[in-house]
Amino acid sequence: MSVNDCDTSVLKKQLVRNLLAVADQINRFLEVVDDEDKCLLGEFRSIRNQIVMSEALASSFYLQCYLSPFTKQYVGLLQSVAHLSERKHGALIVVQRQDPLSSFLSHGTMIQAKFSSSLLESIFYPGSPLHDGAVLIQDDKIVSAAHVLPLSNKEVENDQKLGTRHRAALGLSELSDAIVIVVSEETGRASFALNGRLYVIGMAA
Numbered sequence: 001m002s003v004n005d006c007d008t009s010v011l012k013k014q015l016v017r018n019l020l021a022v023a024d025q026i027n028r029f030l031e032v033v034d035d036e037d038k039c040l041l042g043e044f045r046s047i048r049n050q051i052v053m054s055e056a057l058a059s060s061f062y063l064q065c066y067l068s069p070f071t072k073q074y075v076g077l078l079q080s081v082a083h084l085s086e087r088k089h090g091a092l093i094v095v096q097r098q099d100p101l102s103s104f105l106s107h108g109t110m111i112q113a114k115f116s117s118s119l120l121e122s123i124f125y126p127g128s129p130l131h132d133g134a135v136l137i138q139d140d141k142i143v144s145a146a147h148v149l150p151l152s153n154k155e156v157e158n159d160q161k162l163g164t165r166h167r168a169a170l171g172l173s174e175l176s177d178a179i180v181i182v183v184s185e186e187t188g189r190a191s192f193a194l195n196g197r198l199y200v201i202g203m204a205a
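Okay, here's the thing in structure tokens:
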């Protein structure tokens, strides 16, 4: 699927604004780089933060493109992820694409319900009997929940130790073409795993 097929105009505009801000900061940095009285460490930090934000927004742009051919509910799904992230409710969501996944998913409780944001968010509500495992979404259905996923052997990502949810997301993405979305209950940060790599998701302002 082409990126041009995706209706992601808001994210695209935000990404352009961020990149222009980065370019502006770099130009201002170049103007003062010879000034011995100017401490440049703050400039480095600011530029790095802008680049990280831009990368997160680009991840969101591509995530929508990757999801949209496989579920019409991708907008509601991403809204749910944003809500879970705001509340720091840990979550692990598997979106099946072309590869069959039954051989990689252990245990699980059948749900077989039409997708709804409220249902998905209620599954990951702290204390829910199903909140600890992964939810499987296929087409426009929440198929099942409380799955145990294979764990990746990667211990470090971006100089940080990976938690169990992130290792599970990476593990399944190393074995299949599934997209696995993960929300950290410690930080609220949302990411997705694809082809054995983890990408932070940014939301458009």
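Here the sequence shown is numbered in the UniProt record's numbering, starting from 1 and rising by one per residue.
All C-beta atoms in this analysis are idealised placements derived from N, C-alpha and C, irrespective of residue type, glycine included.
Predicted model, so just to flag it, every value in this text is computed and none were measured.
Under 7 Å Cβ to Cβ from residue i, same chain only, skipping five residues before and after it: list those, please.
| i | result |
| --- | --- |
| residue 84 | 91, 121, 124 and 183 |
| residue 138 | 96 |
| residue 58 | 15 |
| residue 17 | none |
| residue 98 | 177 |
| residue 195 | 173 |
| residue 13 | none |
| residue 130 | 109, 123, 145 and 146 |
| residue 152 | 167, 170, 171 and 174 |
| residue 185 | 88, 89 and 90 |
| residue 114 | 140 and 141 |
| residue 119 | 113 and 142 |
| residue 31 | none |
Between residue i and residue j, which are expected to be in contact by the criterion C-beta below 8 Å, what is the C-beta distance as a whole number of angstroms?
| i | j | result |
| --- | --- | --- |
| residue 111 | residue 134 | About 12 Å; that fails the 8 Å criterion. |
| residue 201 | residue 75 | No, residue 201 and residue 75 are not in contact; Cβ-Cβ is about 14 Å, not under 8 Å. |
| residue 89 | residue 126 | 6 Å |
| residue 47 | residue 29 | 7 Å |
| residue 86 | residue 163 | Contact flag wrong, Cβ pair sits at about 19 Å. |
| residue 79 | residue 117 | 6 Å |
For residue i, write down the residues that DSSP places opposite it in a beta bridge.
| i | result |
| --- | --- |
| residue 197 | 194 |
| residue 109 | 145 |
| residue 134 | 147 |
| residue 179 | 95 |
| residue 12 | Beta-bridge pairing links residue 12 to no other residue. |
Within the same chain, show all residues whose beta-carbon is closer than 6 Å to that of residue i, passing over the 5 residues directly before and after it, in chain order.
| i | result |
| --- | --- |
| residue 169 | 180, 182 and 193 |
| residue 106 | 148 |
| residue 21 | 50 |
| residue 166 | 182 |
| residue 43 | 29 |
Spatial neighbours of residue i within its chain, please: C-beta separation below 8 Å, excluding the five flanking residues on both sides.
| i | result |
| --- | --- |
| residue 101 | 94, 136, 172, 176 and 178 |
| residue 132 | 146 |
Could you tell me if the beta carbon of residue i falls within a distance shorter than 7 Å of some heavy atom in the ligand MG?
| i | result |
| --- | --- |
| residue 184 | This structure lacks the ligand MG; in fact it carries no ligand of any kind. |
Does the pairing of the segment 61-74 with the segment 27-38 give three or more beta-carbon distances under 8 Å? no
List in chain order: all unbroken beta strand (DSSP E) runs of 3+ residues lying wholly within the segment 35-101. 91-95
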